[in-house]
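Q: Residue numbers (my numbering): -10 to 106.
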Amino acid sequence: MAIDLKGLNEISGFIAGCLVDSDTGLMMAAEGSGSFDIEGAAAANTEVVKAKRAAMKMLKLSDHIEDILISLGKQYHLIRPMEKNPAVFMYVALDRKAANLGMARVQVKNIEQAQSF
-10 MAIDLKGLNE ISGFIAGCLV DSDTGLMMAA EGSGSFDIEG AAAANTEVVK
40 AKRAAMKMLK LSDHIEDILI SLGKQYHLIR PMEKNPAVFM YVALDRKAAN
90 LGMARVQVKN IEQAQSF
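#1: Report the option in 43, 58 and 59 whose CA atom is closest to the CA atom of residue 52.
#2: Can you give the Cα-Cα distance for residue 98 and residue -8, rounded to whole angstroms?
#3: Under DSSP, the beta strand (DSSP E) around residue 19 begins and ends at which residues?
#4: Is residue -4 near residue 88, with beta carbons less than 8 Å apart?
#5: Please list the terminal residues of the continuous beta strand (DSSP E) segment that includes residue 69.
#6: May I ask you to report which of helix, strand or coil DSSP gives residue 30?
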């Protein structure tokens, strides 16, 4: 299984990103650096994905999550379950001042589709 997240660096405002197993909360691959705790974010956002799936089940929504956006004062956090394997999601943190959210969503989707699993 080849995982290549280097394309995340090309997203305007990119801080850090990773691929996460939503069953365990473990990070499978990561990109980015700095003081951002990407491993902690991966584990914490696993709970966000699980909560949304539980809410959809309770509401009997026959649908799937395309992405989840969390807008903070200084950052955007984008969570995107993989189409080929919904148990895995991509998590990306962006600087809100530098990011173009629409373009970031397109780029994350393109990076997802380039993965081999």
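C-beta: ideal position from N, C-alpha, C; glycine also.
A: In brief:
#1: 43
#2: 14 Å
#3: 16 to 21
#4: no
#5: 64 to 70
#6: helix
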